[in-house]
Every structure is written in structure tokens, then in C-alpha cells.
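Residue numbers (the UniProt record's numbering): 1 to 379.
Here it is, written out as C-alpha cells:
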């Protein structure tokens with residue numbers, strides 16, 4: 001069993017930033033001592049930060065590697081997964097829930113193939129043995145899509161499917177309540193006005209036909225398998241109530257202050273995108289994460305579409321939004337870990353898994369200099 005110590009580190013615990021020494025034995029943290037006394041052979045962090053390994057609940061980054069351009073599928077899902085793996089670990093993420101969209105309206109066969117290859121690769125023990133981060137699956141179920149249940153049902157019992165979110169991206173509501181924003185987001189489609197109006201009508205008809213039944217069915221399957229559920233893009237009090245009444249405890253990316261506030265009142269954890277923090281606002285014109293933080297409604301952050309945004313966001317919140325660094329760090333480590341029942345990780349404390357990173361601020365920008373998972377250096 002390997003044993004080593006780290007000295008001269010600014011260790012960010014759940015409650016404080018302490019100058020001290022960390023001892024690791026095997027895969028776990030065994031001691032945390034304040035002060036400068038350390039074994040002669042300790043690894044010197046030279047005053048750099050020692051942060052807990054991040055727990056990422058929603059990253060779309062894997063899909064960028066599986067499908068780097070529209071209609072272009074990478075021929076090796078294993079190569080795509082491992083390339084993504086290197087990128088997330090380099091951002092300080094040691095536990096990642098790879099978000100995969102289930103239901104895409106069009107290109108259904110390509111979507112099914114991509115999901116199947118992803119699940120197969122992430123379930124392969126030989127692949128998992130060489131992964132740097134620990135990977136789980138977050139299935140994003142598009143309730144208004146006709147095919148969502150057919151795709152989700154065979155995957156519901158997979159041991160690596162640990163999170164399911166209920167989505168409805170029908171234009172004119174939730175994230176896309178502003179139709180002009182939705183059209184701008186889909187500008188590559190180059191719709192005429194008639195084509196755009198026809199597409200909106202088609203999506204709304206699909207929602208009316210499928211969403212309610214799919215919602216009940218997906219929830220029942222997830223609950224049967226003990227999978228954590230999240231509600232996505234809650235916009236109104238009614239959306240939050242609908243989720244809370246069936247036991248959903250996570251509100252992912254609420255689009256309004258009112259929805260986030262009501263979710264908090266109902267005891268739900270509110271997750272926002274870290275790019276929202278770094279960019280000082282939502283790309284789709286919805287409520288900003290900083291505004292939620294100012295009201296005490298922000299519990300956790302997700303990197304969404306930029307893995308490096310988690311590290312940048314926590315230091316941004318600390319520097320610009322008067323949030324103590326331990327509180328900001330917990331938003332990407334201890335809190336998300338607890339939300340999905342991973343109680344063995346997420347903080348720097350004796351008995352916790354030795355997942356951590358070495359981070360230095362260079363011109364106010366956090367730079368990841370090293371990452372360890374379960375006591376082994378992985379980056």
C-alpha cells in the first residue's frame with residue numbers, strides 16, 4: 001500500500017483554507033495537519049492550493065468527442081471517451097457524470113447508435129481500468145420526443161446510469177420561452193419563416209402527444225432502479241411543484257429566480273452552469289447564476305459544455321461575488337457528491353477518498369498542475 005504526504009499546501013477543506021500537510025495511505029486521506037511540520041520526503045506544493053477532486057454531474061463534453069461535427073460520428077467510441085477523459089481530469093474533475101441526450105427528434109438511428117456505443121464503452125472493465133476519472137452516466141431524457149422511452153428503457157438498469165434528468169425543450173417554454181432565442185440557437189438550420197413556424201407547431205404537437213406519458217414512465221423506471229432524478233429548466237412555481245411532488249430533489253438549470261427560489265424552499269438542490277458564472281450570464285437569456293448566489297439559491301455548479309469552467313467559476317465567485325472559497329469549492333465537490341449519494345468523496349478530510357488537485361493562480365487564472373484520484377496521480 002502506497003503512503004505519501006503533501007506539505008506546504010493551502011488546503012481547502014469544507015469550512016476553511018488551511019496551510020498544512022496532508023497524509024495519504026492507499027486510496028484514502030489519513031491525516032490533515034495544520035502548520036509546516038512534514039516528513040522530509042513530502043511532496044512540496046510550494047504554497048499552491050490543494051482542492052478536492054470535482055464531482056461533475058452534467059457535462060455535454062463527451063458528445064463533442066463522439067460527434068465532433070453535425071452528422072460526423074467518430075469511428076472509435078473508446079478513443080472518443082478516453083480523449084474526453086483526459087480533458088475532464090485536466091480540469092480537476094475526478095468523478096464525472098457524462099450527460100447523453102436520450103431523444104433527439106431527428107437522426108434517431110444515429111442517436112441510438114451513439115448511446116449504445118457510449119454505454120458499452122463506459123461499461124467495459126478494460127476501458128474503465130485505464131480511465132483517469134471515474135465515469136458514470138447521466139441520461140437526459142427528452143420527454144416530448146417520440147423515441148425517448150424506447151431508448152431509455154433498455155438502459156434503465158445499467159449499473160453506471162446514476163442520474164436521469166427530465167427535459168422538455170419544446171420551443172416557447174422553459175429554456176426556450178423566447179422563440180427568437182431558439183431560432184437564433186438553431187440558425188444553422190436556415191429556416192424560412194414558414195419552415196420555422198411549421199417546426200414550432202410540430203414540436204408542440206409532439207409534446208402534447210407524448211410528454212405526459214413519457215414523464216410518468218421514465219420516473220417510474222428510474223425510481224424502480226433507485227436512480228437519482230433531476231428536473232431540468234424549471235421556469236415556474238408549477239414546474240418545481242410538479243417535480244417536488246414526485247420526490248425529485250434536484251432542480252437543474254432553473255431559468256428564473258422565482259423557480260430557483262421555490263425549489264430552494266421545497267428543499268431541492270439548485271444546480272447552475274459554471275459557464276453562466278464565467279460569462280456573467282446565460283447564453284439563452286435566462287437568470288444568471290450570480291443572481292441566484294446573491295439570494296442564497298445556488299447550491300452546485302456543472303461545467304455543462306466547458307469542463308474548465310468549474311475551476312474558473314469557483315475562483316470567480318470568490319473574487320467577484322463575495323463567496324468564501326470553501327463554500328464555492330463545495331459547489332463543485334461536496335454538494336454534488338452528496339446529491340448523488342457518493343459519500344466517500346467530495347472533501348479533504350481523513351477517511352475520504354484521496355481525490356484532489358494542485359492549483360496555482362497565475363495572473364488571477366487558476367492553473368491545474370496535478371490531479372490525484374484514489375491516491376494515484378492521474379494528471
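Glycine included, every Cβ here is placed at the ideal spot set by N, Cα and C.
Burial state of residue 335 is buried, judged by a 10 Å Cβ sphere holding 16 or more other Cβ atoms. Within the stretch 11–81, the complete alpha helix (DSSP H) segments at least 4 residues long are 61–66, listed from N- to C-terminus. With fewer than 16 other beta carbons inside 10 angstroms of its own, residue 296 counts as exposed. Fewer than three Cβ pairs drawn from the stretch 120–133 and the stretch 326–340 lie within less than 8 angstroms of each other, which leaves the two stretches out of contact. One Cα belongs to residue 113, the other to residue 144, and the distance between them is close to 20 angstroms.
Setting aside the 5 residues that flank it on each side, residue 88 is surrounded in the same chain by 96, 133, 307, each with a C-beta closer than 6 angstroms to its C-beta; the list follows chain order. Its chain contains 225 as the residues whose beta carbon lies nearer than 8 angstroms to that of residue 157, once the 5 sequence neighbours on both sides are disregarded; these appear in chain order. The beta carbons of residue 260 and residue 13 sit about 27 angstroms from each other, so the pair does not count as a contact at 8 angstroms. In the DSSP assignment, residue 250 falls within the beta strand (DSSP E) that extends over 250–252. For secondary structure counted as the alpha helix (DSSP H) over 4 or more consecutive residues, the UniProt domain "Amidohydrolase 3" (222–356) holds these complete runs in sequence order: 237–244, 257–265, 274–278, 289–294, 309–320, 325–330, 334–339. In this structure, the alpha-carbon of residue 248 lies about 27 angstroms from that of residue 323. When the beta-carbon positions are compared, residue 117 and residue 66 come within less than 9 angstroms of each other.
Relative to the Cα of residue 255, the nearest Cα in the group 47, 319, 240 belongs to 240.
By the C-beta criterion, the stretch 39–51 is judged to be in contact with the stretch 347–366, since at least 3 inter-stretch pairs fall below 8 angstroms. One Cα belongs to residue 353, the other to residue 25, and the distance between them is close to 10 angstroms.
Taken atom to atom, the span from the alpha-carbon of residue 167 to that of residue 99 is near 12 angstroms.
Membership of residue 373 in the beta strand (DSSP E) is indicated by the continuous run 365–373. In this structure, 21 is the residue among 274, 140, 21, 232 with its C-alpha nearest to the C-alpha of residue 43. Residue range 161–167 is occupied by the beta strand (DSSP E) that includes residue 162, with no alpha helix (DSSP H) assigned at that position.
Rounded to whole angstroms, the gap between the alpha carbons of residue 34 and residue 68 is 46 angstroms. A distance below 9 angstroms separates the beta carbons of residue 229 and residue 250. In the three-state reduction of the DSSP assignment, residue 358 falls in the strand class. For residue 125, the enclosing alpha helix (DSSP H) has its first and last residue at 125–128.
Within the same chain, Cβ atoms closer than 6 angstroms to the Cβ of residue 313 are found at 274, 277, 278, 301, the five residues on either side in sequence being excluded. Judged by DSSP in its simplified three-state form, residue 98 adopts strand. Collapsing the DSSP output to three states places residue 133 in coil. Put simply, of 270, 371, 4 the residue whose alpha carbon is nearest the alpha carbon of residue 41 is 4. In the three-state DSSP reduction, residue 5 falls in the strand class (E or B). Here residue 304 is not near residue 263, since their CB atoms are 9 angstroms or more apart.
150 is the residue among 150, 137, 246 whose C-alpha sits nearest the C-alpha of residue 103.
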